[in-house]
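Below is one structure, written out as structure tokens; the observations come after it.
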Amino acid sequence: MNYHPFILLFLVSVTNLEVGFSKTHHSNVTCSENDQKALTEFKNGLIDDSNRLSSWTGQNCCKWDGVFCDEKTGNVVKLDLSYKNYFLDGEIPQRVLDNHMKNFLGGIQIPPFFGLLKTLRFLNLSCAGFGGYIPHNLGNLSRLEHLYLGGCYGSVIGPGNDFKVDSFSWISKLSSLKSIDLSELAIEDTKDLWSSINMLPSLLSLNLEGCNLNTLPSFALVNFTSLSSLNIRDNGIGMNSENSSIVPPWFSNLTSLMNLDLGQNNFNGPTNIFEELSSLRVLDVSSNGFGDSLLSSLSKLNNLVYLDLLGNDIHLSNLHFLRNLTSLSVLKLRYNELKGPILEALTSIFCRLSVLDLSDNEITGLLPKFIRDPSSCLENRLKELYIGNTKFSDFFPEGMSMHKNLEVIDSTNSLLYGEIPSSIGRLSNLRFLRIANNKLNGSIPLSIGQLSNLEELDISRNLFTGIVSELHFAELSKLKKLHISKNLVLNVSSNWYPPFQLKEIGMASVKVGPNFPQWLHKQSILDTLVMSDANITDMIPNWLSNVTLFMTTLDLSANKLVGGINVLCDAQLLNSIDLSKNLLSGRIPSCLSNLEELRSLNLADNSLEGDIPSSLGDLSLRFLHLQKNNLQGKIPLSLQNLTSLQRLDLGENKLKDVFPAWIGEKLQSLELLRLNSNQLYGVIPSELCQISSLCWLNLAGNNLYGTIPRCFGDFSCMSSGTMYAPGEVFGQRVESFMKGIPLEYVGEQILLLRILDLSENKLAGRIPEELTKLVDLQYLNLSRNNLNGSIPKKLGDLKQLESLDLSHNKLSGSIPQSLASLNYLSYMNLSYNDFSGPIPTGNQLQSLDDQSFYVGNPRLCGKLIKKSCNGNEQTPQDDHQDHDEEHNSYELWFYAGIGPGFCVGFLGVLFTLYKSRNRCVMRAFQCLTRCI
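In structure tokens form, the structure reads like this:
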């Protein structure tokens, strides 16, 4: 795979250390009495519920895990308490990880006695879960060569450390120190740090990743010139100033550097400093701002093997500077300014690579020749190819199978088309095949089943058809992730025993049913199961509780599942459940409160009944979707405990309750609130305005009265362009009746919408002027209320408005001309009010030529409804005749025919609506009755 370059370095260095120490780990040497006593006291002072130190028994500490002794003296020379040291190879259940992360060491301070182990040469406390201040007496370890106090590099394995630092002066005393890892420590006084490090002439490796350094010092003289590895990644250097930062001049003195990581900062130069670093083998400058000038400087680094240029505004035309890098093996160019077709002149560079990443660029045209035809290269080294999120438009090449060393193919979200050639089965080393969301078609070749090293197969969201059988998985014993979707049929025998144990299954819109697939019963390490729209007509089997024991994500939506859902109450690690759009019945079980890790629950569009269980308030939900069921009773007061809730959808049920003011007081993280089509009553409480993050509010179809709160203009999400993205959208599906039709929004679409719907209530009073501050609002529906007064003249300030419905109110006055400036408006209904005067013309309003949008306003006039405005505006028939007599004659005929004409025309509309079974039919009958 694609390993972090510094992990490679540490693997080499630590491996060398292990060779030196491992022979003493299980030897017959006896540890010294002082070290034995000190380590025993340390263990006795811990609360080790997870038994991390279970091997620390007996009198000889040299045989304890993580403890290494000198063969001759018995002194402890290496102490490795890092979190990773306490796991064996194999799958680690998430629950076990959680328990370890919560229990081990518990944030205690590093015991001061560590400073007494003066013979210690290796101390590794990274990921151990220590806390408090780092003791200064670690400076007494004069023989210490390797000190690791850092974090876990974003890994879920390990709780990390929570150190506080009041001084780094003790580091300067460790004159033998060769490597030090302080990653992920929040360092505030960097001056003390760098002055101490500058007194370590033997230092070879320095890791300060993620330490919030912000700036680098300006050394007049650098003493650590022997440094071979420097990692200052992810420190935000240069990001707090108006101008990006420069690489300090003293870098040019680090001529022994072999590994340099400057990633995720804001450096932009000077680039000529890199010319002095002739020993560099690994260089990561990702997510900076160096630009094309960097390439010419790098052209002299003949030893460079690994180069990561992600996100540096590199252009395709300047890649030729890399031709001299004859040792280059890994080249990452993701998120740059690579546009247009790949030039054949770059073939000489690409042919030498084992890893090439061109993803997330605007590259067009055919795939590079060396990919389509590897015989064009003298050597065939390619192991990993990343071309996802590009615009390559080409057949999936037959020649791909000639890359005999290939381990990774990732062309996700590209424009590849045609069939997968059966020759793909020749790629015996292939471990990851990700070709999702392209335009590939045809059937899935059986030869995929011969890829015995395959760990991940993602062919979802293409145009494949046909049957997927057991033969497609014949040799895939190492497969961990399987994603296929749409138009395919999974046809396996009822007693099929898969050769794999999967962690992820994605089979959306694949015909798996009608029975619940029995082969799932054999999967014991599942983390994610997505079988939405899988044609399953069955009950949820009891054995699914065993399959979901360690699972975090379950999506069985859009099937025809029947019965209840009590079986899920034992799946205590589930994080997300989506069972929407099924035929589930009965009550929502109170035992769902057992699912302590649950963050998203979607049971929408079923036949569930009874009260909403108050026990749901015991969870830590972020998303709760219960809409379109038969739920009754009140909204449980316990839901006010869900203070992290971002989306609450209880719409289209039978809930009967006074509108709860506590929603605004307690649920202030809400982005979406849908309580529409229930039996809620009372006034809309002003407390609702406290939810500034609210982007989507739908209270339609209730019995709410009073006025629209003026403070609705304070919804900052609807007025400031702020994106309140929750970081996940799995299992999110919301329906809204907008633009006159029901529309469904899925996943990331929800994050982009700004909706306010108060229709079909008993609201009175004027439309608050404050609503015109919601300049990002896209859908506004206030129809079927008792609103009066005029339309606010500044309503035209809502420039993003796409749908406006003010129909069936008691509004009066003129229609503001400002509405003509709404360029995105595609639906507007002002019917059945008491508007008067001319209908505004111009811009987008010209396309809204449906007369029904204005019907029921007898005092309106204008060309659209073919009614002149007091003789000041001529209808099309008057363009050729301007005589009063003819005008009056036309007007009489117009009024005589408008009633029957409207009815006849409306019958045609009604017939169309009837054919589509739209819910507007009943409204149409009402309108027709009024018309007749």
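Here the sequence shown is numbered in this note's numbering, starting from 421 and rising by one per residue.
Just so it is clear, CB atoms sit at the ideal spot from N, CA and C, and this is done for glycine as well.
key: Close-in-space but distant-in-sequence residues of the same chain around Q1060 (CB under 6 Å, 5 per side omitted)   = W1082, K1086
request  = Indicate the three-state DSSP secondary structure (helix, strand or coil) for F1150 in the structure shown.
outcome  = Caution applies to F1150, whose pLDDT of 46 falls short of 50 and renders its modelled position unreliable; the model cannot decide the point.
Spatially closest choice to N1073 from L776, L1119, Y1252, by CA coordinates = L1119
inquiry  = Under 8 Å: do the segment 601-608 and the segment 634-642 share three or more Cβ pairs, one atom per stretch?
reply    = no
ask   = Considering only the beta carbon of each residue, do R846 and E876 sit closer than 9 Å?
value = no
query = Taking E1222 as the reference, which of S596, L981, S1246, G1121 has the closest Cα?
reply = S1246
query = Helix, strand or coil: which one does DSSP assign to C489?
reply = strand
query = Is the distance from the Cβ of G570 to the Cβ of E629 below 9 Å?
reply = yes
query = Quick one, are the C-beta atoms of L567 and L605 less than 9 Å apart?
reply = no
request  = Leaving out five residues on either side along the sequence, give the residues of the same chain with a beta carbon under 8 Å from the beta carbon of S977.
outcome  = S952, D953, D998, L999, S1000, K1001, N1002, N1022, G1151, R1153
task = Could you tell me the distance, in whole angstroms, from the CA atom of L1215 to the CA atom of S1106?
result = 22 Å
task = Tell me, please, which residues DSSP counts as bridged to V642.
result = None; V642 has no bridge partner.
key: Residue from V667, G689, D704, D777 with nearest C-alpha to D681   = D704
task = With distances taken Cα to Cα, identify the nearest neighbour of F1255 among R1174, P1236, L1173, E839.
result = P1236
request  = Could you check what DSSP says for H740 in three-state terms: helix, strand or coil?
outcome  = helix
ask   = When the distance is taken between beta carbons, is L536 closer than 9 Å to V497?
value = no
query = Would you call K483 buried or exposed, if buried means 16 or more other Cβ atoms sit within 10 Å of its Cβ?
reply = buried
message = Please return the same chain residues whose Cβ sits closer than 8 Å to the Cβ of N809, not counting the five positions on each side in sequence.
response = S779, D780, N781, T832, N833, S834
ask   = With distances taken between CB atoms, is the gap from L776 to L805 smaller than 9 Å?
value = yes
Neighbourhood of L545 by C-beta distance below 6 Å, restricted to the same chain and skipping five residues each side = L501, L569
request  = List the whole-angstrom C-beta distance separating L994 from L1028, where the pair is believed to meet the contact cut-off of C-beta under 8 Å.
outcome  = Not quite, the Cβ-Cβ distance comes to about 18 Å (not below 8 Å), so this is no contact.
ask   = So, helix, strand or coil for I807, using DSSP?
value = coil
message = Counting C-beta neighbours from all protein chains within 10 Å, is the total for Q1198 16 or more, i.e. buried, or is it exposed?
response = buried
inquiry  = So, at 7 Å on beta carbons, what are the nonlocal neighbours of N692 in its own chain, with the 5 sequence-adjacent residues on each side left out?
reply    = S717
ask   = DSSP state of E1293, grouped into three classes?
value = Low confidence applies to E1293: its pLDDT is 45, below 50, so where it sits in the model is not reliable, and the reading given next is rough at best. Coil at E1293, not helix or strand.
Same chain, Cβ closer than 6 Å to G711, neighbours up to 5 away in sequence not counted = D733
ask   = Looking at N673 and R701, is the spacing between their C-beta atoms short of 9 Å?
value = no
query = Got a sec? Which residues, its chain only, sit under 6 Å from L1178 by beta carbon, not counting five neighbours each side?
reply = L1119, L1202
ask   = By DSSP, does K1283 sit in helix, in strand, or in coil?
value = helix
query = Would DSSP call N723 helix, strand or coil?
reply = coil
task = Please report how far the alpha carbon of I960 lies from the alpha carbon of R1174, in whole angstroms.
result = 37 Å
key: L1021: first and last residue of the uninterrupted beta strand (DSSP E) it sits in   = 1020-1022
Three-state secondary structure (DSSP) of N651 = strand
task = Below 8 Å on the Cβ atoms is my guess for L874 versus L853; work out the distance and round it to an integer in Å.
result = 6 Å
task = Would you mind working out which of V449, L1194, I868, K811 sits nearest F488, comparing C-alpha positions?
result = V449
ask   = Nearest-angstrom Cα distance between H556 and E453?
value = 24 Å
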